[in-house]
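Structure first, commentary second.
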Amino acid sequence: MVPGRRTRAGRASAFSATAGQEAMPVSSNDSDKARRFREMALPYLDDVYTLARYLLRNPADAEDAVQECYLRALRHFDGYRGPAMKPWLFAILRNVCHAEFARRAASPAGAIDDVPEAPEQTPLWHEAQETPEAQMLRKRDAAAIHRLIDALAEPFRETLVLRDINNLSYREIADAVGAPVGTVMSRLARARAMLRSAWIAEQEQPK
Amino acid sequence: MTCDEAEILLHALIDGELDASHVREIEAHVAQCPRCAAALAAYRQMNQAIASADLSYRAPPALRRRIEAALPQPANPSRRAMLRGFALGSAVSAIAASGLVAIALRSDDQERILSEIVSAHLRSLQAGHLTDVVSTDQHTVKPWFDGKVDVAPPVIDLTAQGFTLIGGRLDYVGTRPIGAVVYKRRAHVINLFVAQTANTEHRAARTETLQGYNIRYWSDRGLNFWAVSDIGADELAEFSEKFEAATRANTEG
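Chain order of the listed sequences is C and L.
Numbering of the first sequence is given in my numbering, commencing with residue 1 and proceeding in unit increments.
Numbering of the second sequence is given in my numbering, commencing with residue 1001 and proceeding in unit increments.
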């Protein structure tokens, strides 16, 4: 099978820009490299796909981005010396996704849903008799939590997903996003405050 | 601590990223600030809700197949070898997820790590837990670590240089598993702790003294080393020099 071949014909995507040039000769050296790459990188496929789903909020784009991410990772695998494999893959995935964001921004026709603005004006602290979080916990409404996370603005959504869904340490998040740990901490605090506000708002205005 | 500081740090508390002194500080603040106490409780509930909602995805099988097909094929991809590869991969993944790398984050707080290293050293001196594998043979000790920690520490026999290898041990620093190689100098025990670090640059050895123990620590090729013992600082320095020299000889020779 040709690397990078699309199963969904006709989808134009910036992800595929470098795919197709991936005619890889198989020498014993390459074979050893491929084996090590499989052992080290493939176990994180679910994690990488999860992050892609939250960054791009679209299954088809996420699949393309993950495939491109793994191809790029393999190309740069010779130079890989750390950080840990998971943050390294995430950093590559982010680059792939950001290229896609840039492409969408450049072509109005391809522009999709704008990021809904998180309710930044909502007071961070809300006194209530019974905490909405408790009600939420009882409901275990995964779909609602998912929707609220999806509605967070990008850097906050990304940090929250890396921490609370991908289970990265602060240091690993900093490695993956290329920001200082202090920035990671303030984004995370902000993300959770916004999520909490949105939660409270949703509880107060049942549909 | 002010509420503004607490607003950031209570997340680090929830996430287990805070060092001991800040944990005490924020707990003291929360104890006398109802607003921050309420926020902490709310965020804890929120985190539990997120954790129990299982919001992660599984990669579609078709995507996995496409990616596998795009990789160069191993020479003889026997099914057994593939399965072994995946089994190894998931073990590595589980350990990486436990966040050994996070030690690097807290290395800002050098003192806390050093004090945990000394605690681990003290624990090891208590009856019956100095070594999990007892051997003076480096070729027995080194393979023993495989699969127990995410990086097998270099095990080097320094008997000829006056430091006798007596075995290895799986230890914990913070909550992270870490390999310890055990040496003896006369009647004194030297624990050499080895952990992976994201930082690959070489950092020259330094010596600190904590609770009457000397700790000599350095970084080399993506590994952090801490040698701790009650022997004198000069002898511990000699140990680290001999160890580093032997490591270089091994990799270059």
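C-beta: ideal position from N, C-alpha, C; glycine also.
Of all the residues that make up the region 1023-1038 of chain L, which are near chain C by a beta-carbon distance shorter than 8 Å? Arg1035 and Ala1038
Local Cβ density within 10 Å of Asp1108/L, reported as buried at 16 or more and exposed below that: Its pLDDT being 46, under 50, Asp1108/L is placed unreliably in this model, and the value from its coordinates should be taken loosely. Exposed.
At a CB distance below 7 Å, what residues from the region 57-74 of chain C approach chain L? Give them in sequence order. Glu63, Val66, Gln67, Tyr70, Leu71 and Leu74
Whole angstroms is fine: what's the gap from Met185/C's alpha carbon to Leu1125/L's? 38 Å
Is there at least one non-hydrogen atom of the ligand NAD closer than 7 Å to the beta-carbon of Ala198/C? With respect to the ligand NAD, the structure shown offers nothing to examine, as it has no ligands at all.
Taking DSSP as the reference, what is the three-state secondary structure of Ala1049/L? helix
Please confirm if Asp1230/L has its CB atom under 8 Å from at least one CB of chain C. no
Name, going along the chain, the residues of the region 86-100 of chain C whose beta-carbon falls closer than 9 Å to a beta-carbon of chain L. Lys86 and Pro87
Report the neighbours of Cys50/C on chain L: residues whose CB is nearer than 9 Å to its CB, in chain order. Correcting the residue type first, residue 50/C is Thr in the shown sequence and not Cys. Residues of chain L passing the Cβ test: Leu1055, Ser1056, Tyr1057, Arg1058 and Ala1059.
Closer than 8 Å by beta-carbon distance: list the chain C residues that pair up with Asp1004/L, in chain order. The premise fails here: Asp1004/L is roughly 10 Å from chain C at the closest Cβ pair, so nothing lies under 8 Å.
Considering Cα atoms alone, identify which of Ser169/C, Arg35/C and Glu204/C is closest to Pro1072/L. Arg35/C
What does the alpha-carbon distance come out to for the pair Tyr1217/L and Thr1136/L? 23 Å
Whether Ala65/C touches Leu71/C by CB criterion (8 Å): no
His1188/L - DSSP class collapsed to helix/strand/coil: strand
Test: His1202/L CB closer than 8 Å to a CB of chain C: no
With distance defined between alpha-carbon atoms, name the residue in Leu1010/L, Glu1027/L and Gly1167/L nearest to Gly1128/L. Gly1167/L
Quick one: measure Cβ to Cβ for Phe1239/L and Ile1190/L, integer angstroms, because I've assumed they're closer than 8 Å. 6 Å
Please return the same chain residues whose Cβ sits closer than 7 Å to the Cβ of Ala62/C, not counting the five positions on each side in sequence. Tyr49, Ala52, Arg53 and Leu56
If Ile1178/L sits next to Val1149/L, beta carbons under 8 Å apart, how far is it from one beta carbon to the other, in whole angstroms? 6 Å
Select from Tyr1172/L, Asp1019/L, Glu1111/L and Ile1050/L the residue whose C-alpha is nearest the C-alpha of Asn166/C. Ile1050/L
Beta carbon of Pro43/C, beta carbon of Asp175/C: below 8 Å? no
Is there a Cβ of chain L sitting closer than 8 Å to that of Tyr170/C, yes or no? yes
Taking only the alpha-carbon atoms, compute the straight-line gap between Leu195/C and Ala1120/L and give it to the nearest angstrom. 40 Å
Would a C-beta distance cut-off of 8 Å place Gly1162/L and Thr1197/L closer than the cut-off? no
Please confirm if Asp114/C has its CB atom under 8 Å from at least one CB of chain L. Because the pLDDT of Asp114/C is 42, which lies under 50, any placement of that residue in the model is unreliable, and the number read from its coordinates should be weighed accordingly. So, not an interface residue.
Is the CB-CB distance between Ala1233/L and Thr1207/L below 8 Å? yes
Of the listed residues Asp1004/L, Pro1153/L and Pro1143/L, nearest to Asp1220/L (C-alpha basis): Pro1153/L
Using beta-carbon positions only, say whether Leu1210/L and Tyr1183/L come within less than 8 Å of one another. no
Alpha carbons only, please: which of Met1046/L, Glu1244/L, Asn1214/L and Ser1056/L is nearest the one belonging to Arg1203/L? Glu1244/L
Mind pulling the chain L residues with CB within less than 9 Å of Met185/C? Ile1008, Leu1009, His1011, Ala1012 and Glu1017
When the distance is taken between beta carbons, is Arg192/C closer than 8 Å to Met1001/L? no
Closer than 8 Å to chain C by CB, Arg1112/L: no
With DSSP as the reference, label Ala1041/L as helix, strand or coil. helix
Let me know the secondary structure DSSP gives Phe1086/L once reduced to three states. Unreliable positioning characterises Phe1086/L in this predicted model, as indicated by a pLDDT of 41, which lies under 50. A coordinate reading is not provided.
Chain L within 8 Å of Leu55/C, Cβ atoms only: no
To the nearest angstrom, report how far apart Gln67/C and Leu1009/L are at their CA atoms. 37 Å
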